[in-house]
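Novice: Just so we're aligned: the sequence shown equals residues 1249 to 1421 in my numbering. To start, I am sharing the structure in question, which I have written as structure tokens.
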Amino acid sequence: MSDIYADLRMRTAEAIRTALKEISSNADSDLIHGFALCTDDDVMTLFSAACTKSWVADRSDDYEAIGFIYTEWEEDAGDSHFDSISESIADMADADDSESASERRFESLVLALKDCREEGIFDEDTLLCCGSTDPMDEMERLAMLAVERLNTVANADLFAKHLGYEEYRKENG
């Protein structure tokens, strides 16, 4: 991975750590249910979303899938921590808007989440995901593959079920 992608990965992981500390301090010891890095289909922007277990519990009777639909999550995940990274991603996209460059940017974001998971800053059952806020098929596929890499099989199964992403499962393709 070239230096710009390694730098993107490192800076994103640091922003995740900082955002998680902020979320945790504001959540009054409520456990984090999910944390997402949100982008667009061309991976030219970045912001985060999160939800706590109690937030999901309060809504899941009426909306069973709420804990898996990261575009619905309302917790403040410290977007200001991602502003400079989003600017860098936009600059990277302006310099190279090819599909392979877009996929490398996406992979850097996924690896940042993976680094944070491996450091133990997220509980094993915390759903981690990376995806587009209005995905086309290819981004749905990449998001599903990322969820499989970042989470327990049970969480990946529920994510696929609730978002209708079963066709993108690695065993199906």
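Where is the CB? At the ideal position from N, CA and C, for every residue including glycine. Since we're looking at a predicted model, the values are computed, not measured.
Do you know whose CA, among 1380, 1259 and 1286, lies nearest residue 1295's CA?
Specialist: Out of 1380, 1259 and 1286, 1286 has the C-alpha closest to the C-alpha of residue 1295.
Novice: What separation, rounded to the nearest whole angstrom, lies between the Cα atoms of residue 1345 and residue 1351?
Specialist: Taking the straight line from one Cα to the other gives about 10 Å.
Novice: Quick check on the burial criterion: 16 or more other C-beta atoms within 10 angstroms. Buried or exposed for residue 1387?
Specialist: With 16 or more Cβ atoms within 10 Å of its Cβ, residue 1387 is classed as buried.
Novice: Where does residue 1323 fall in DSSP's three states?
Specialist: Strand.
Novice: Nearest to residue 1328 by alpha carbon, out of 1279, 1395 and 1268?
Specialist: The candidate whose alpha carbon is nearest that of residue 1328 is 1268.
Novice: Would residue 1361 and residue 1264 qualify as a contact pair, given that the criterion is a beta-carbon distance under 9 Å?
Specialist: The answer is yes: Cβ separation under 9 Å.
Novice: What is the rounded straight-line gap between the Cα of residue 1354 and the Cα of residue 1402?
Specialist: Looking at the two C-alpha atoms, the distance is approximately 23 Å.
Novice: Using CA atoms only, rank isn't needed, just tell me which of 1310, 1307, 1290 and 1299 is closest to residue 1390.
Specialist: If we check each option's Cα against that of residue 1390, 1290 comes out closest.
Novice: Which residue's Cα is closest to the Cα of residue 1256: 1323, 1336, 1343 and 1342?
Specialist: Closest option to residue 1256, Cα to Cα, is 1336.
Novice: Measuring straight from C-alpha to C-alpha, what distance separates residue 1270 and residue 1384?
Specialist: Their backbone Cα atoms lie some 32 Å apart in a straight line.
Novice: Got a sec, what are the start and stop residues for the beta strand (DSSP E) residue 1380 sits in?
Specialist: Where residue 1380 is concerned, the enclosing beta strand (DSSP E) stretches over 1375-1380.
Novice: So, with DSSP's three-state summary, where would you put residue 1370?
Specialist: Note: residue 1370 maps to coil in three-state DSSP.
Novice: How close, in whole Å, do the beta carbons of residue 1377 and residue 1318 come, if the pair is a contact with beta carbons under 8 Å?
Specialist: At roughly 6 Å, the Cβ-Cβ gap stays under 8 Å, so residue 1377 and residue 1318 are in contact.
Novice: So residue 1400 packs on residue 1366, CB below 8 Å; how close in whole Å?
Specialist: About 14 Å separates the two Cβ atoms, so there is no contact after all.
Novice: Quick one: what's residue 1412 bridged to in DSSP?
Specialist: Per DSSP, none; premise fails for residue 1412.
Novice: Could you check whether residue 1380 and residue 1234 sit closer than 9 Å to each other, using their CB atoms as the reference points?
Specialist: In the structure as shown, the chain begins at 1249 and stops at 1421. Residue 1234 is therefore absent and cannot be evaluated.
Novice: Does the beta-carbon of residue 1343 have 16 or more other beta-carbons within 10 angstroms, so that it is buried, or is it exposed?
Specialist: Flag for residue 1343 reads exposed.
Novice: What would DSSP say about residue 1313, mapped onto helix, strand or coil?
Specialist: DSSP places residue 1313 in coil when its eight states are reduced to three.
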